[in-house]
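K.L.:
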Amino acid sequence: MSESPKSLRELLELLQQEKQLLSFNREHALEPDLSAAAQAGQNIGETSPALMFNNLQGYPGKRIVLNTVSSWPNYALSMGLPKESSQQQIYQEVLRRWSDSPWELQEKTEQPPFMDNIIEGDDINLFELIPLFRGNERDGAPYITKGAFISRDISEPNNDDKENVSIYRVQAKGKNLLSAQFVPGHDCARHLSIAEERGENLKVAIAIGVPPALSVAACSPLPYEESEFKLAAALQDSPFEVYKSEHTGLNLPWSAEYIIEGEIIAGEREHEGPFGEFTGFYCGNRKMPLFKVTRVMHRDQPVFENLHLARPMSESDYIMAFNNGVAMHQELKTNFPGIKAVNALNCYGLVTIISIDQNMGGIAKSAALRAMTTAPGLISAKTVIMVDDDVDPFDMYQVMWAMSCNMNPQFDVSLINGLPSVGLDPASVPTGITAKMVIDACRPTAPDLRGNSKPKEDIVHPTGTGEWEQKLTAMIKAL
Ligand SMILES: Cc1cc2nc3c(=O)[nH]c(=O)nc-3n(C[C@H](O)[C@H](O)[C@H](O)COP(=O)(O)O)c2cc1C
């Protein structure tokens, strides 16, 4: 294990060294080349590299990186782990850091590199400053899809724990106008309603090109009073460096490539969308808050890091891969200490798979029901599949084996109607309401002794399998 990269540039350097980055120096047009390249990278599969475009038509000196963390090797490297790490190994490390590493901010006073270029007032033209492009052909406009969106609870302006960082999709609407879409219940929606009740605009900022741990923290389901900057510190295993903006009073990631600052205008809403979403479908057009930009700052030769959303697996699935699962695990572990891992990576956890050592019959099903009412499970966890602890919930062959051999639909499938779901779930009826299902693919455990289910270790691996595995892996690496 090495140190986690503390900036986007450190990550790009590491990806280059590890042969997980492809660079393009020939000129490329923004549309349709970039999103086509990102989609092609995703089609290549689970080990695909990041894509760096150094020569953009119409944008001399500016660069774009896509698919930065759009594969398991890139995710592992972004956390300072070996690129061969399995999903289960990455999950266990994220779980360990989330619980055990210090959640610490480091406020730096030294001028950050993004202050090398400051653009204010009438000089702001987002379309000139940032190489914005549409990710999917029927998107209503260009979108910023991997920006860390920062806001604060203005009723407690000095409370860093009530500062929020999230990833929200942000539509470019004009040269100094953006529109953000945050679902009710998400923290910025709460910050905005507090400001609007007072008749005040809400100061906000978007940081683009941030340390990889912050992107992961930003889309993690933290309680309202916990800071994503501090979670990022835990995830990267070192204090998170911020710089306090005199313009908005917000903490800004010190190493960011771009900073966009401004305010959400109280009481104003305008049409936003359509937009190709993580479900693989377009969402419609709805009225959303407006964000007036008052200052843009960027590093020299800035890198615009954006993310291509599409049917899974796309980068958003990778950066969300462990967040919901680890957050559910944290909530469940007191009552269900037998839980080993929670795989909530399918469509942000709409299908969640949990491995458990159930010490008594019925415990697995109880844990599944509880998972549906955890904070992240409430609007996801539509199907929860329970497997024994000898099954890796990240390995679909093993999960399908458990479903094939341990599950009898007569006893092991339970349906509950009328529960909440994320509004983007196209199968919800009405939108935002769904039935949920538990599939218990664990072996029946006493006092439930039905059927002729087999003990966990019926066919054991032949003696020496572990040593052979190491030997073969080393030989394959050396080929
Ligand atoms: C690429 C990407 C785009 C997202 N877009 C949105 C969005 O537009 N609106 C939203 O409410 N959540 C969006 N999310 C999910 C939130 O980032 C996530 O649920 C986060 O935990 C919300 O945190 P909050 O409750 O602190 O706001 C997105 C996540 C990713 C990875």
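In my numbering, the protein residues as written are 20 to 498. Cβ coordinates follow ideal geometry from the N, Cα and C atoms, glycine included. Remember, predicted model here, so these are calculated numbers, not experimental data.
1. Can you name, in chain order, every residue of its own chain whose Cβ lies under 7 Å from the Cβ of S170, other than the five neighbours on each side?
2. Are the CB atoms of V315 and I138 nearer to each other than 8 Å?
3. Pull up the DSSP beta-bridge partners for R171, would you.
4. Under the rule that 16 or more other beta-carbon atoms within 10 Å means buried, what is P400, buried or exposed?
5. Let me check understanding here. Comparing Cα to Cα, which of R45, G154, P131 and Q107 lies closest to A55?
6. Mapping the DSSP letters down to three states, classify K165 as helix, strand or coil.
7. Examine ligand 1 and report whether any of its heavy atoms sits within less than 7 Å of the Cβ of C461.
8. With H, G and I counted as helix, E and B as strand and the rest as coil, what does DSSP make of M18?
9. For Q190, which of helix, strand or coil comes out of DSSP?
10. What does the alpha-carbon distance come out to for the pair N127 and E260?
11. Should H205 be listed as close to ligand 1, given that the test is whether its C-beta is under 7 Å from any heavy atom?
12. Would you mind reading off the limits of the beta strand (DSSP E) that contains K222?
13. Considering only the alpha carbon of each residue, which of L443, A454 and M494 lies closest to V202?
14. Could you give the residue range of the beta strand (DSSP E) that holds F201?
15. Going by other Cβ atoms of all chains shown within 10 Å of its Cβ, with 16 needed for buried, is I458 buried or exposed?
16. Restricting to runs no shorter than 4 residues, where is the alpha helix (DSSP H) found entirely within the segment 61 to 145?
17. Between which two residues does the alpha helix (DSSP H) containing V345 stretch?
18. Any heavy atom of ligand 1 inside 7 Å of the beta-carbon of A253?
19. Put T484 into one of helix, strand or coil per three-state DSSP.
20. Quick check: the Cα distance between N167 and I283, rounded to an integer number of angstroms?
21. Spatial neighbours of E37 within its chain, please: C-beta separation below 8 Å, excluding the five flanking residues on both sides.
22. Can you name the residues that DSSP bridges to K263?
23. Measure the alpha-carbon distance for L434 versus Y301 and round it to whole angstroms.
24. Can you give the beta carbon distance from K359 to D376, rounded, assuming they're within the 8 Å contact cut?
25. With three or more C-beta pairs closer than 8 Å as the rule, is the segment 46 to 53 touching the segment 116 to 130?
26. The alpha helix (DSSP H) that contains D431, what's its start and end?
27. Using a 10 Å radius around the Cβ and a threshold of 16 neighbouring Cβ atoms, would you call E280 buried or exposed?
28. Spell out whether any CB of chain B is found under 8 Å from the CB atom of K401.
29. So, is Q58 buried or exposed, given that buried needs 16 or more other C-beta atoms within 10 angstroms?
30. Under a Cβ-count criterion, where at least 16 other Cβ atoms within 10 Å of its own Cβ denotes burial, should C238 be classed as buried or exposed?
31. Could you please give me the residues that DSSP links to S42 through a beta bridge?
32. Would you say the segment 103 to 114 touches the segment 134 to 153, given that touching needs at least three Cβ pairs under 8 Å?
33. Am I right that L27 and V322 are in contact with their C-beta atoms under 8 Å? What's the rounded C-beta distance?
34. For R305, write down the residues that DSSP places opposite it in a beta bridge.
35. Return the CA-CA distance between P131 and N354, expressed in angstroms with no decimal places.
36. Among all the DSSP beta bridges, which residues are the ones paired with T402?
P.N.:
According to the data block:
1. As a first step, residue 170 must be located in the sequence shown, where it is residue number 151. Result list for S170: N183, C207, H210, L221 and V223, in chain order.
2. Residue 315 sits at position 296 when you count from the first residue of the sequence shown. Residue 138 sits at position 119 when you count from the first residue of the sequence shown. Yes, Cβ-Cβ distance for V315 and I138 is below 8 Å.
3. Translated into positions along the sequence shown, residue 171 becomes position 152. Its beta-bridge partners are E182.
4. On the sequence shown, residue 400 is found 381 positions in, with the first residue counted as 1. Sequence check: residue 400 is Ala here, not Pro. Classification of A400: buried, given that the 10 Å Cβ count is 16 or more.
5. By one-based count along the sequence shown, residue 55 stands at place 36. The shortest Cα separation from A55 among R45, G154, P131 and Q107 belongs to G154.
6. Indexing the sequence shown from 1 puts residue 165 at position 146. Coil, per DSSP.
7. Along the sequence shown, read from residue 1 onward, the residue named residue 461 stands at position 442. No; taking the cut-off as 7 Å, the Cβ of C461 has no heavy atom of ligand 1 nearer than that.
8. Lying outside 20 to 498, the shown extent of the chain, residue 18 is not represented and no answer is given.
9. By 1-based counting over the sequence shown, the position of residue 190 is 171. DSSP places Q190 in strand when its eight states are reduced to three.
10. For the purposes of this step, residue 127 is identified with residue 108 of the sequence shown, where counting begins at 1. For the purposes of this step, residue 260 is identified with residue 241 of the sequence shown, where counting begins at 1. Before going on, a small fix: residue 127 reads as Lys here, not Asn. Taken atom to atom, the span from the alpha-carbon of K127 to that of E260 is near 6 Å.
11. By one-based count along the sequence shown, residue 205 stands at place 186. Under cutoff, so the answer is yes.
12. Taking the sequence shown and counting its residues from 1, the one referred to as residue 222 is at position 203. Segment L221 to I227, the beta strand (DSSP E) holding K222.
13. Mapped onto the sequence shown, residue 202 falls at position 183. Looking from the CA of V202, the closest CA among L443, A454 and M494 belongs to L443.
14. Taking the sequence shown and counting its residues from 1, one reaches residue 201 at position 182. Element bounds for F201: n/a, residue is neither H nor E.
15. Walking along the sequence shown from the start, residue 458 turns up at place 439. By the 16-neighbour rule on beta-carbons within 10 angstroms, I458 is buried.
16. 91 to 97 and 106 to 119
17. Taking the sequence shown and counting its residues from 1, the one referred to as residue 345 is at position 326. Residues N342 to L351.
18. Residue numbering aside, residue 253 sits at position 234 when the sequence shown is read from its first letter. Relative to ligand 1, A253 has its C-beta separated by 7 Å or more from all heavy atoms.
19. Here residue 484 refers to the residue found at position 465 when the sequence shown is read from its first residue. Helix at T484.
20. Numbered from its first residue, the sequence shown carries residue 167 at position 148. Numbered from its first residue, the sequence shown carries residue 283 at position 264. Per the sequence shown, the amino acid found at residue 167 is Ala instead of Asn. So the alpha carbons of these two residues sit roughly 15 Å apart.
21. By one-based count along the sequence shown, residue 37 stands at place 18. For E37, where only same-chain residues beyond five positions count, the Cβ hits under 8 Å are P92, L96 and K102.
22. The residue labelled residue 263 in the question sits at position 244 within the sequence shown. BP columns for K263 point to N270.
23. For the purposes of this step, residue 434 is taken as the residue at position 415 of the sequence shown. For the purposes of this step, residue 301 is taken as the residue at position 282 of the sequence shown. Taking the straight line joining both Cα atoms gives about 28 Å.
24. On the sequence shown, residue 359 is found 340 positions in, with the first residue counted as 1. On the sequence shown, residue 376 is found 357 positions in, with the first residue counted as 1. So it is a contact: roughly 7 Å between Cβ atoms.
25. no
26. Here residue 431 is taken as the residue at index 412 of the sequence shown, counted from 1. Segment P428 to D431, the alpha helix (DSSP H) holding D431.
27. In the sequence shown, counting from the first residue as 1, residue 280 sits at position 261. Buried: at least 16 other Cβ atoms inside 10 Å.
28. Of the chains in the structure shown, none is chain B; there is only one protein chain.
29. For this step, residue 58 is matched to residue 39 along the sequence shown. Per the 10 Å Cβ criterion, buried.
30. Position 219 of the sequence shown, counting from 1, holds the residue named residue 238. So C238 counts as buried.
31. Position 23 of the sequence shown, counted from the first residue, corresponds to residue 42. According to DSSP, which records beta bridges pairwise, S42 is partnered with M71.
32. no
33. The residue you call residue 27 lines up with position 8 of the sequence shown. The residue you call residue 322 lines up with position 303 of the sequence shown. Indeed, because the Cβ distance is near 6 Å, the residues count as touching under 8 Å.
34. Here residue 305 is taken as the residue at index 286 of the sequence shown, counted from 1. DSSP lists E291 as partners of R305.
35. Within the sequence shown, the letter at position 112 stands for residue 131. Within the sequence shown, the letter at position 335 stands for residue 354. Approximately 45 Å between the Cα atoms of the pair.
36. The count along the sequence shown starts at 1 and reaches residue 402 at position 383. Bridge pairing for T402: V370 and M456 [DSSP].
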